[in-house]
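Heads up, the thing below is written out as structure tokens.
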Amino acid sequence: MRVLELAYVIALGAGLGLASAHYAVAERPIVGRAQIGAWTTWPKSGARDTDPYMRAYLARGVHLPLGAGEGLQLIAERDDAGQPLDGRCRYSVTGLTPPARGWSLAVADPARRPLQLAVARESFSDAELVRDERGGLRIIAAATPEAGNWLPLPPSGRFQFRLRLYDTPISSHAGELRPEALPRISRVDCR
Amino acid sequence: MSTLDDPRDLHGAPAAKPARASTTGWPRLLGRGLRRLVLLTMMGLVLAGIVHILAVLLIPVLAERDAASVYAALGDEGHAELVTPAPAGLPGLAEPDPNSVSAVCGFDLSTGPVRVSAQTGALPLGLTLHRRGGGVAYAITDRAAIRGVLEFVVMTQEQLDEHLAQDEEGETSRELRVVVPAPQGLIVARVMLRRAVDRGEAEALATSVACTSAD
Numbered sequence: 001m002r003v004l005e006l007a008y009v010i011a012l013g014a015g016l017g018l019a020s021a022h023y024a025v026a027e028r029p030i031v032g033r034a035q036i037g038a039w040t041t042w043p044k045s046g047a048r049d050t051d052p053y054m055r056a057y058l059a060r061g062v063h064l065p066l067g068a069g070e071g072l073q074l075i076a077e078r079d080d081a082g083q084p085l086d087g088r089c090r091y092s093v094t095g096l097t098p099p100a101r102g103w104s105l106a107v108a109d110p111a112r113r114p115l116q117l118a119v120a121r122e123s124f125s126d127a128e129l130v131r132d133e134r135g136g137l138r139i140i141a142a143a144t145p146e147a148g149n150w151l152p153l154p155p156s157g158r159f160q161f162r163l164r165l166y167d168t169p170i171s172s173h174a175g176e177l178r179p180e181a182l183p184r185i186s187r188v189d190c191r
Numbered sequence: 192m193s194t195l196d197d198p199r200d201l202h203g204a205p206a207a208k209p210a211r212a213s214t215t216g217w218p219r220l221l222g223r224g225l226r227r228l229v230l231l232t233m234m235g236l237v238l239a240g241i242v243h244i245l246a247v248l249l250i251p252v253l254a255e256r257d258a259a260s261v262y263a264a265l266g267d268e269g270h271a272e273l274v275t276p277a278p279a280g281l282p283g284l285a286e287p288d289p290n291s292v293s294a295v296c297g298f299d300l301s302t303g304p305v306r307v308s309a310q311t312g313a314l315p316l317g318l319t320l321h322r323r324g325g326g327v328a329y330a331i332t333d334r335a336a337i338r339g340v341l342e343f344v345v346m347t348q349e350q351l352d353e354h355l356a357q358d359e360e361g362e363t364s365r366e367l368r369v370v371v372p373a374p375q376g377l378i379v380a381r382v383m384l385r386r387a388v389d390r391g392e393a394e395a396l397a398t399s400v401a402c403t404s405a406d
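Residue numbers (our numbering), protein chains in the order written: chain B, 1 to 191; chain H, 192 to 406.
Below, the structure written as structure tokens:
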């Protein structure tokens with residue numbers, strides 16, 4: 001009886017402990033996350049004093065995160081209305097970007113599979129954009145060609161936007177950013 | 192008439208004994224068993240918490256597939272080597288930015304401090320130190336360059352103490368010394384591509400970063 005009880009405690013402890021540790025670091029951890037509008041960032045992911053969950057996540061793959069003084073990455077999986085980003089829809093990315101020496105906006109697959117795009121363009125840098133007369137940012141993301149700054153999307157399925165800001169003064173206090181300081185993602189229509 | 196046919200034998204005195212046991216013994220036994228199960232489950236949950244914390248802390252220590260372990264051999268020739276696209280026989284970066292180029296240099300401070308020096312160019316360049324087991328130990332950009340050169344020496348705390356003891360009295364060292372918590376890691380040179388045509392220039396800039404012995 002004692003052996004059974006001991007086996008139950010060990011099985012429960014080891015099983016639950018290892019499984020919860022695996023799920024906690026299989027993706028970017030909930031700990032240390034900052035949500036700014038549609039964008040999510042982990043301001044401490046490139047800092048010296050990063051938390052153990054982020055360290056474990058980074059150690060499980062070939063990751064080279066942007067350093068805290070080097071830049072900042074923001075990820076969006078949903079639009080401003082909270083709907084998941086879907087390749088069958090058209091999105092407009094408008095508004096402002098925080099001060100940075102340069103930035104890029106890329107489309108990525110959440111499961112890191114290669115994207116099936118109509119043309120080989122996965123990202124826009126700030127220098128490649130055609131801006132309107134007021135200097136505003138307007139990118140149209142869609143699976144089929146669009147006029148203006150067209151960012152091709154996969155024909156179907158979920159995707160992410162990744163905004164990388166290089167040499168930005170905000171990287172140390174990214175959690176205090178206001179949603180208006182970041183590009184807005186709005187769904188135009190869906191097929 | 193057999194005794195079985197006697198209804199008193201079935202529902203009478205002999206049947207009263209187990210009925211009495213079920214009202215007194217079973218609930219007590221069941222209650223004790225339940226309490227024991229709850230106690231064992233609590234012990235299991237406490238153990239699960241300990242295992243969870245230990246596992247999360249041990250993953251970086253035991254990691255063999257992190258960037259610093261995978262790319263440890265790159266940069267042997269004294270300069271950083273490109274990892275975008277992935278080098279032959281090695282895995283590529285997990286989430287590369289299509290608008291940047293990265294070159295790395297593996298370092299092992301057990302043989303002495305390492306000097307990193309980079310010439311700056313027109314494209315934004317960032318240098319980061321990634322320690323083994325994930326995590327950035329230091330980051331600097333080309334804005335900190337002096338006369339177009341970005342240079343620092345990577346060392347452990349013991350090596351810094353040794354250097355401080357060797358420094359001449361009253362003389363200030365002009366070199367930037369960076370202390371890293373672990374003796375092994377990666378020096379990463381990342382150059383942002385403003386346009387696709389910049390790739391050649393960015394790759395030349397990233398691979399020109401020198402990482403040599405400081406002694």
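All residues carry an ideal CB built from backbone N, CA and C; glycine is no exception.
- Within its chain, find whatever has a CB closer than 8 Å to the CB of L314(H); leave out the 5 residues flanking it on each side and keep chain order. If the five residues before and after L314(H) are omitted, its C-beta is found closer than 8 Å to the C-beta atoms of V382, M383, L384, R385, D389, E392, A393 and L396, all from its own chain and listed in chain order.
- Note the first and the last residue of the continuous alpha helix (DSSP H) segment covering S260(H). Looking at the DSSP string, the run of the alpha helix (DSSP H) that includes S260(H) is A258 to V261.
- Mind reading off the beta-carbon distance from A100(B) to A38(B)? Whole number of angstroms is fine, and I expect it under 8 Å. Between A38(B) and A100(B) the Cβ distance is about 18 Å, and since that is not below 8 Å, they are no contact.
- Query: Closest to R187(B) by CA distance: which of D132(B), P152(B), P84(B) and N149(B) is it?
  - Reply: Put simply, of D132(B), P152(B), P84(B) and N149(B) the residue whose alpha carbon is nearest the alpha carbon of R187(B) is P84(B).
- Message: If you follow the beta strand (DSSP E) that Q160(B) is in, where does it begin and where does it stop?
- Response: Its beta strand (DSSP E) spans residues Q160 to Y166.
- Item | Residue ranges of each alpha helix (DSSP H) within the stretch 10 to 59 of chain B, 4 or longer | Listed in chain order, they are 52 to 59.
- Could you check what DSSP says for S301(H) in three-state terms: helix, strand or coil? Taken through DSSP and simplified to helix, strand or coil, S301(H) comes out as helix.
- Task: Indicate whether at least one CB of chain B lies closer than 9 Å to the CB of S293(H).
- Result: Residue contact check for S293(H) against chain B: a CB pair falls below 9 Å.
- Task: Starting from L377(H), follow the alpha helix (DSSP H) in both directions and report where the run begins and ends.
- Result: Residue range Q375 to M383 is occupied by the beta strand (DSSP E) that includes L377(H), with no alpha helix (DSSP H) assigned at that position.
- Message: Given a cut-off of 9 Å on the beta-carbon distance, is the pair D167(B) and G317(H) in contact?
- Response: Cβ atoms of D167(B) and G317(H): closer than 9 Å.
- Through-space distance from E272(H) to T398(H), alpha-carbon basis: Going by the C-alpha atoms only, they are around 6 Å apart.
- Query: Looking only at DSSP bridge pairs, what is L66(B) linked to?
  - Reply: L66(B) pairs with nothing; no bridge assigned.
- Task: Kindly list the residues whose CB is nearer than 6 Å to the CB of Q160(B), restricted to its own chain and excluding five residues on each side of it in sequence; keep chain order.
- Result: Cβ within range, chain order: I75, E77, A108 and P110.
- Message: To test your reading of the DSSP string, which unbroken alpha helix (DSSP H) runs of 4 or more residues are found completely within the stretch 227 to 296 of chain H?
- Response: Counting whole runs of 4 or more residues, the stretch 227 to 296 of chain H contains the alpha helix (DSSP H) stretches 258 to 261.
- Burial state of D79(B), where buried means 16 or more other Cβ atoms lie within 10 Å: In summary, D79(B) is buried, with 16 or more beta-carbon neighbours lying within 10 Å of its beta-carbon over all protein chains present.
- Any beta-carbon of chain H closer than 9 Å to the one on P183(B)? Not one chain H Cβ lies under 9 Å of P183(B).
- Message: Once DSSP output is grouped into helix, strand and coil, what is the label at D86(B)?
- Response: DSSP, read as helix, strand or coil, puts D86(B) in strand.
- Message: I'd like to know whether the C-beta atoms of A328(H) and H63(B) end up nearer to each other than 9 Å.
- Response: Result no, Cβ atoms of A328(H) and H63(B) do not sit closer than 9 Å.
- Determine the contact status of G324(H) and A263(H), defining contact as a CB-CB distance below 9 Å. Not in contact: G324(H) and A263(H) (Cβ atoms no closer than 9 Å).
- Quick one: what does DSSP say P189(B) is sitting in, helix, strand or coil? According to the sequence shown, residue 189(B) is Asp rather than Pro. If DSSP states are grouped into helix, strand and coil, D189(B) belongs with the strands.
- Item | For A100(B), the three-state DSSP class (helix, strand or coil) | If DSSP states are grouped into helix, strand and coil, A100(B) belongs with coil.
- What's the C-alpha gap between P289(H) and P276(H)? Cα to Cα, the separation comes out at about 10 Å.
- Listing by chain order, which chain B residues have their CB less than 7 Å from the CB of V307(H)? Residues of chain B with a Cβ closer than 7 Å to the Cβ of V307(H) do not exist; the shortest Cβ-Cβ separation is about 14 Å.
- Query: Would you say A405(H) and G303(H) are within 9 Å of each other, going by their C-beta atoms?
  - Reply: Their beta carbons are under 9 Å apart, which means A405(H) touches G303(H) by this criterion.
- Message: Assuming L419(H) is part of the beta strand (DSSP E), what are its boundary residues?
- Response: This structure leaves residue 419(H) out entirely; chain H is present only between 192 and 406.
- Query: Candidates A294(H), L281(H) and L221(H): which alpha carbon is nearest G61(B)'s?
  - Reply: Between G61(B) and the set A294(H), L281(H) and L221(H), the nearest pair of CA atoms involves L281(H).
- Using a Cβ cut-off of 8 Å, which residues of the stretch 160 to 189 of chain B contact any Cβ in chain H, in chain order? Those residues of the stretch 160 to 189 of chain B that come within reach of chain H (Cβ to Cβ, closer than 8 Å) are R162, R164, Y166 and D167.
- Query: How would you write the range of the beta strand (DSSP E) that L72(B) sits in, first residue to last?
  - Reply: Element bounds for L72(B): G71 to A76.
- Message: Taking 9 Å as the threshold (beta carbon to beta carbon), is I412(H) in contact with chain B?
- Response: An answer regarding residue 412(H) cannot be provided, because it is not within the stretch 192 to 406 covered by chain H.
- How would you list, in chain order, the residues of chain B whose beta-carbon sits under 9 Å from the beta-carbon of H321(H)? Near H321(H) (Cβ distances below 9 Å), the residues of chain B are L58, H63, L64, P65 and G67.
- Buried or exposed: which applies to G87(B), given that a residue is buried once 16 or more other Cβ atoms fall within 10 Å of its Cβ? Answer is buried; the Cβ neighbour count reaches 16.
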